[in-house]
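So, in structure tokens, the structure goes:
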């Protein structure tokens, strides 16, 4: 269904992206960096042998939620109230059943590479026109598959108030902080950042119109380190709004140009409380064929 | 909101269930068996360092789906077609956004302990009336948290046609087959069974009105082995319809009486192809507060 | 499925309701007052022969919406963008397709008699327990059928700012205003009131936490006049919050005790501009079997 | 948002359509034929003063439904079961609340002019690209407004079995049957046809893969008569599949070329039982801004 022919856009300049690094047909991007070594590195990081969920609670009508999206809804198709009202258990069996309607980017979620584009081109040059009402014919979330690798945790907020509204972390500061934290990224690792925004939001001290996060030049640093996935306790991983009128430029540089996955709206409070810096990370997007994202409940095995 | 007071039902007879084993307030059941040892045992089972998804593709209108449920729907709120139709990229940014509506038990999913009851009582004696239109106030899926443990794989179908329609495996046969396969379950393990039903369904050779699977007395065997979670490539893990008119009796014996979790509609074809028998299993239910189940894409790290 | 047996509640005192007026099995209430005479009276009220919609625009995420409900969503399953992106028209045919998800009380809507109850009893004594996850087994919106009758329009706001927040109109004032407006209600008529709240809401001058509207004692007056349906340009027809801690008492007195239908969130601006006082009203609820309300676009033929 | 510029398609040949008849900006098409005269003609057709709904019951998972669409779902957000399970009435008030998810063309519905196109052009030459994930910027259902006019009823099935599967009525036969029935269409009238398909479907004697209905050349006849809206007790008003490989050609000729509205999946059984041939028809589409159709419960006042 994709519109064929030349696109007005084009590949990122040499050294500023990763197109065709894994071949012209690749739809997985930087997840290709995760091989058995990364999996074993992740397992080797496990200390306590305990599992921590990084997923936000999903409750009808509750956020945080970007203004452009609609809140999730949880519907009960059968429940205990039905039986209390007189429905008999049948054959010794009573049950409840439910459904959810959820914006795939409206709670803790993993962006598909098909989520964003510039100049009509997505990751690896696939045309934006391959994403239609039928979903993404290219770079849909079903290409991601499970993400199992070592996770590195960088707590930029600590016990303090967290970053300022819209504050952007530069690549230099990011590199410095990573080093200061004793983290040594290797190709295929995932990097999770706590900006403090989620706690601020819960405290009523921050809204959804702006978030602190990574600045544009961090995309290059992530790519240089071989980071396969970057996540944060905010809406977009990157800081927004962007000071120069660009819209989500780091999304473009990370996802579109470099195939790096973004994992958003993480709850990193428990990791912060535990003070862990590395762990086995498992992110298992729902297998939504053509999905441009998936709600997830990422797991840190610490 | 739960109706208080005595219930006409009651705890399973001694030796036939696990109520109050983890205290009168427990809402996690047999997942309590999963501790650091089980996590490490799972990691020790990893050989290739590769990750396999066990989740079915999720596609609008596609099954397999029990007749009582409605098919999933994938909606695009923004897509590349909008831009092809003239919407300008704004600030160098084009994007797609989507939503899903899905029955929580209508694709690969984990049942919450709140999913079933008998005589008005769920796991550990909690009243069915605690499950209302607001969701499950008790034993909701948010209590499960991530499941990270060793998984054992039992391929009952192999290269053959699989079990017969509605065929029920007895506990004796299950035990025998487990032993023959060289599997040695330990407390906290997960057991995944391939009945062949999914392949039959894909081939048009089986419908959703019956499934082969575990027989009623398997629940006791699972409990005795300390299995925390049992999964299968069919609709209900257990065989149905039940020959004696009982409805899903093994659900009651496993979930309600013993707190054992059921993981259903797994795609185990790749595990079968690889011939693995144990692995690290990660199941990460969405954090749906009050959910009586969650769609999942379980991960086997093999 | 309804719980049988005696209820702790009971019929309204003599003269304060209409239970069993149309028989013990009646599920239509005051709509029984609408016979051929009312239809002809409505048609006789038509002057210009023009049709005016009283339904609010339905737009994804837009209100007004009571805080307890979720916003409507409009999903495109196929659109022109898909074709712009390369989908060929097939056999000379291109098309668009869409779906809506809408709270039945979340835009202009008609309440079913099953919408409210007190002491466990709905209209005519039917038990609240007949309304379950399967919908309303009694008094669902499918019992209403089309409402075709004379409509009377009472503009309480005129060119002024409208009623004050939460202001309740007493029965005496209602009667007086009706007379002053030259209206002469007859059994089976519908009465539509413009409080000015909708305009205030659009101007940002009013929220959804309170509305001016009818006071509790108006229910009796409506019943005495034989009004079959009362509507307004606000959330609940009645004023709220109620000063005495009662919740929606006029809903109970009108719907539950008297079988009078309420039609809410009307857009009455055009009727006001035209200065009409009577017209043919047609309200055609969707035939949702077991629905406790229906979104509608009522029509005034003026 | 619509892509501007010339289109490869074009206006229908002279005499074979109605483009620009009501001006180049018109988005209402043949509904412009309905003026005060048509409204009065409709009212004059009322005999009994009774109202009949023509809308199908809407029930979770029930059809009839074209294979490309998903079934409707009715969700209860609050119900009597919740109270039976222990939720107290608050302030003397208990209530139920619900939502529906429905394909706008998946039950009795009115097509918007934005529903179909050929050669990239909709009614009056508007580009198909004006219909995106945001809905129809042109010719959406909100342009229709209420339809109030005289309805003519043609019962092609009578007491017999109805038309044969896929049988197409020619314009000549249609004209003849109309005359034989004593109907005299005037501009602005609506014509409703009973093919017998709905009864066949209910009896299990017909599926959704084909329907009897109007043949392609009927569109011209309808236009010549000034019919504003044509409806039927089938999926598409027109017969399908088309014998020559064209897809829904009469949709194109009626809606796209002539601005005639189609009203589909009507329940005309009661009209047939009553033997009425003309009546006041009211169709009140929900005011879905940008909708390409709307579920409706049309009313025949007979």
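Chains as they are written, first to last, in the working numbering: chain A, 202 to 503; chain B, 202 to 503; chain C, 202 to 503; chain D, 202 to 503.
The beta carbon of each residue, even a glycine, is placed where N, CA and C say it ideally should be.
Taking the alpha-carbon positions, what's the residue i to residue j distance?
i	j	result
residue 250 of chain B	residue 277 of chain D	46 Å
residue 441 of chain A	residue 368 of chain A	8 Å
residue 410 of chain C	residue 288 of chain C	47 Å
residue 513 of chain D	residue 245 of chain D	The first residue shown for chain D is 202 and the last is 503, placing residue 513 of chain D beyond what the model contains.
residue 221 of chain D	residue 227 of chain D	7 Å
residue 336 of chain C	residue 496 of chain C	16 Å
residue 417 of chain B	residue 212 of chain B	18 Å
residue 479 of chain A	residue 232 of chain B	25 Å
residue 243 of chain A	residue 481 of chain A	4 Å
residue 475 of chain D	residue 259 of chain D	23 Å
residue 267 of chain D	residue 407 of chain B	24 Å
residue 235 of chain C	residue 494 of chain C	20 Å
residue 205 of chain A	residue 284 of chain B	Any reading at residue 205 of chain A must be qualified, since the residue scores a pLDDT of 38, below 50, and its modelled position is unreliable; the value itself is stated next. Using only the alpha carbons, I get a separation of about 15 Å.
residue 383 of chain A	residue 377 of chain A	10 Å
residue 309 of chain B	residue 469 of chain B	11 Å
residue 350 of chain A	residue 286 of chain D	45 Å
residue 483 of chain C	residue 317 of chain C	23 Å
Quick one, which of the options has its alpha-carbon nearest residue i's?
i	options	result
residue 292 of chain A	B/233, B/282, B/446 and B/499	B/446
residue 436 of chain A	A/239, A/228 and A/305	A/305
residue 460 of chain C	C/502, C/351 and C/314	C/314
residue 225 of chain A	A/323, A/284, A/270 and A/311	A/323
residue 452 of chain D	D/257, D/474, D/271 and D/311	D/311
residue 394 of chain C	C/421, C/494 and C/465	C/465
residue 424 of chain C	C/386, C/413, C/402 and C/399	C/386
residue 438 of chain A	A/481, A/484, A/396 and A/268	A/396
residue 256 of chain A	B/488, B/493, B/415 and B/468	B/488
residue 401 of chain D	D/218, D/375 and D/265	D/265
residue 307 of chain D	D/351, D/262 and D/404	D/262
Hey, does residue i have any beta-carbon neighbour from chain A nearer than 8 Å?
i	result
residue 244 of chain D	no
residue 310 of chain B	no
residue 485 of chain B	yes
residue 149 of chain D	The displayed coordinates of chain D run from 202 to 503. Any statement about residue 149 of chain D would go beyond what the structure contains.
residue 286 of chain D	yes
Beta-carbon within less than 7 Å of residue i's beta-carbon, same chain only, minus the 5 sequence neighbours each way: which residues are those?
i	result
residue 302 of chain C	273 and 274
residue 297 of chain C	277, 279, 280 and 281
residue 471 of chain C	253
residue 294 of chain A	none
Using beta carbons (cut-off 8 Å, strictly below), is residue i in contact with chain C?
i	result
residue 320 of chain A	no
residue 268 of chain B	no
residue 249 of chain B	no
residue 491 of chain D	yes
residue 262 of chain A	yes
residue 327 of chain B	no
Contact criterion: CB-CB distance below 8 Å. Does residue i meet it with respect to chain D?
i	result
residue 279 of chain B	yes
residue 283 of chain A	yes
residue 257 of chain C	yes
Tell me, please, whether the CB atom of residue i is closer than 8 Å to any CB atom in chain B?
i	result
residue 496 of chain A	yes
residue 213 of chain A	no
Who are the near neighbours of residue i in its chain, counting only those whose CB is closer than 8 Å to its CB and skipping five residues on each side?
i	result
residue 490 of chain B	336, 341 and 343
residue 365 of chain C	413
With a threshold of 6 Å on Cβ separation, who are the neighbours of residue i within its own chain once the five nearest residues in sequence on each side are excluded?
i	result
residue 392 of chain A	353, 428 and 431
- Query: For the stretch 293-308 of chain B, which residues have a beta carbon sitting closer than 9 Å to at least one beta carbon of chain A?
  - Reply: 293, 294, 295, 296, 297, 298, 299, 300, 301, 302, 303, 304, 305, 306, 307 and 308
- Under 9 Å (Cβ pairs) to chain A, residues found in the stretch 330-363 of chain C: 330, 331, 332, 333, 334 and 335
- Check distances from the C-beta atoms of the stretch 436-465 of chain C to those of chain B and list, in chain order, the residues that come in under 8 Å. none
- Task: Scan the stretch 390-419 of chain D for residues whose Cβ lies nearer than 7 Å to a Cβ of chain C and list them as they occur along the chain.
- Result: none
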